[in-house]
Amino acid sequence: MTSIASSSLIKDLKLAPHPEGGYYAVTDAEVQHKIIVSPFADDAPRNLASSIYYLLSYDNHSGIFHMNKSMTYHVLHQGRAEYTLITPGNPPKIEKKVMGTNLEAGETRLLIVGTGIWKRSTIPEESMKRARMGGEEEKDKTNCLITEVVVPGFDWKDHKYMKMVDLKQLFEDQPNGKALIGEFSAFIGK
Numbered sequence: 001m002t003s004i005a006s007s008s009l010i011k012d013l014k015l016a017p018h019p020e021g022g023y024y025a026v027t028d029a030e031v032q033h034k035i036i037v038s039p040f041a042d043d044a045p046r047n048l049a050s051s052i053y054y055l056l057s058y059d060n061h062s063g064i065f066h067m068n069k070s071m072t073y074h075v076l077h078q079g080r081a082e083y084t085l086i087t088p089g090n091p092p093k094i095e096k097k098v099m100g101t102n103l104e105a106g107e108t109r110l111l112i113v114g115t116g117i118w119k120r121s122t123i124p125e126e127s128m129k130r131a132r133m134g135g136e137e138e139k140d141k142t143n144c145l146i147t148e149v150v151v152p153g154f155d156w157k158d159h160k161y162m163k164m165v166d167l168k169q170l171f172e173d174q175p176n177g178k179a180l181i182g183e184f185s186a187f188i189g190k
């Protein structure tokens, strides 16, 4: 399958810079009008679901940690992205999942992230390295395009960016906590 260039995707899908990193476009703004109560947001009214296109590109290849109160379904269109998921607990559970087409290598085309889980995404380093060794066309085709479906629908009131205090709360008292704080601190909100 031929990868569509980031520049074409940004233009054709009318993507804008996303505050988390990467690019996005709301894909259902005028379609979804069914309102339900969200069990994840103290029964606040929310759309039944919402969706966006989300693109990581060579020039905007990494996002920061954030958490949603709702479930998020990630559906791959093209490319590869590595997700780091941190489930709070004692100890916190850290998982790395790669969205891609190599199912034999453990990659997945569908990633479901539950409520209350910290997540971030990035284009894998081996893809970035290959792009750096290639020309401008290779860089433009190094990307990952997904659709995110949020259930119940996304609301900024249900969203949180990780801050240093959150990172320390997760790992400060854990074995190897100082190293994990150091590793993840580059990917938190300011």
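Going by UniProt numbering, the sequence shown opens with residue 1, and the numbers climb by one from there.
We put the beta carbon where it would ideally sit given N, CA and C, even for glycine.
Small disclaimer: the values here were computed from a predicted structure and weren't measured.
Inset, instruction - Spatial neighbours of A41 within its chain, please: CB distance less than 8 Å, with the 5 preceding and 5 following residues excluded, ordered by chain position. - result: K69, S70, P152, D155, K157, D158
Inset, instruction - May I have the straight-line CA-CA distance separating H33 from G63, to the nearest angstrom? - result: 29 Å
Inset, instruction - Determine the burial state of L110: buried for a count of at least 16 other Cβ atoms within 10 Å of its Cβ, exposed for fewer. - result: exposed
Inset, instruction - Just mark D12 as buried or exposed, buried being the case when its beta carbon has 16 or more other beta carbons within 10 Å. - result: exposed
Legend entry - Continuous alpha helix (DSSP H) assignments of at least 4 residues falling wholly in the stretch 1-84: 6-12
Inset, instruction - For the alpha helix (DSSP H) holding S127, just list the boundary residues, first then last. - result: 125-133
Inset, instruction - Note down, in chain order, each residue of its chain lying with its Cβ closer than 6 Å to the Cβ of V113, except the 5 sequence neighbours on either side. - result: T72, K119
Legend entry - K14, buried or exposed, once every other Cβ within 10 Å from all chains shown has been counted against 16: exposed
Legend entry - beta strand (DSSP E) segment containing M99, residue limits: 93-99
Inset, instruction - Have a look at A131 and K139 and give me their C-alpha separation to the nearest angstrom. - result: 5 Å
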